[in-house]
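Worksheet: the structure to be examined is printed underneath.
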Amino acid sequence: MRFAAIADIHGNAAALEAVLADIAAQDLGMSDIVNLGDCLSGPLEAGRTADMLLPLGLVTVRGNHDRYLIEHAAGDMHEWEADAFRQLAPAHLDWLRSLPFDAVFRDVAYLCHARPMDDSTYWLEQVTPEGQVVLRDLSEVEAWAEGILQPLILCGHTHLPRVVRLSDGRLIVNPGSVGCPAYDDDMPVHHRVEAGNPLASYAICERTAAGWSVGFRLVPYDHMGQSRLAAANGRPTWAAGLATGRLG
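In our numbering, the protein residues as written are 9 to 256.
Right, dumping it as structure tokens:
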């Protein structure tokens, strides 16, 4: 059994297009893809991204930024949502409203965006008071995984590809970000998350005789075109992150 996990597209239609082509080249079909949310928010091509995603019928869970697009009034949205909202049709918003918080895929994988019961807290990482993003203590990671029976647990949100093995052998997998390799945030304190490269990231999970294998794929695409689009839309931080995977 093999399937692909994508997350954190953030309206980057060019990156999504490249990732879908790469997945097809791995002999995986659309029914073999799970999407961990944060699909549309950002200053890029939210409408085109939605037009690509909706017909695919991927198993998809709702991310925090997906939720913001349907919960916040248009005049109260953060710039990431405001940029995207202007491009979205009612059908796109209805699709976001239909997405579940979490899901189970083929009885082998539990899916959520960030962590169980909370779509906006890092699961595998934590932010120090000094603003450093570091690996979270295993005991805390495991406490949030209590009650999940599937051998694979998939999450996104931090945009960083990572696998953490729990004491009982379960794996928590973050496939990285398809479309946003670097960002900064003020919560809980100001910090940066930087992949260090501009490639579109996703993961392939495969069940073998020895257990689950996880492979990360980093896919080239016209990231500079998306960087220029972000700059033209007045988002220099996005432009920097898309160009290099770093913010400075």
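Where a beta carbon is used, it is the ideal one built from N, C-alpha and C, also for glycine.
Where Tyr-210 falls: helix, strand or coil (DSSP): strand
Does the separation of the CB atoms of Cys-213 and Ala-13 fall below 8 Å? yes
In the DSSP assignment, the alpha helix (DSSP H) including Ala-26 goes from what residue to what residue? 21-33
Do Ala-203 and Ser-185 have their C-beta atoms within less than 8 Å of each other? yes
Which first and last residues belong to the beta strand (DSSP E) in which Trp-220 is found? 219-227
Go to Gln-234, then tell me how far its alpha helix (DSSP H) extends in each direction, as first and last residue. 231-240
Taking buried to mean at least 16 other C-beta atoms within 10 Å of its own C-beta, is Asp-230 buried or exposed? exposed
So, for Gln-140: in the same chain, excluding its five sequence neighbours on each side, which residues have a beta-carbon less than 8 Å away from its beta-carbon? His-199
Taking the C-alpha atoms as reference points, what is the distance between Phe-93 and Arg-105? 14 Å
What are the uninterrupted segments assigned as beta strand (DSSP E) that are 3 or more residues long and contained completely in the stretch 60-84, given in chain order? none
Could you tell me the distance, in whole angstroms, from the CA atom of Val-116 to the CA atom of Phe-11? 11 Å
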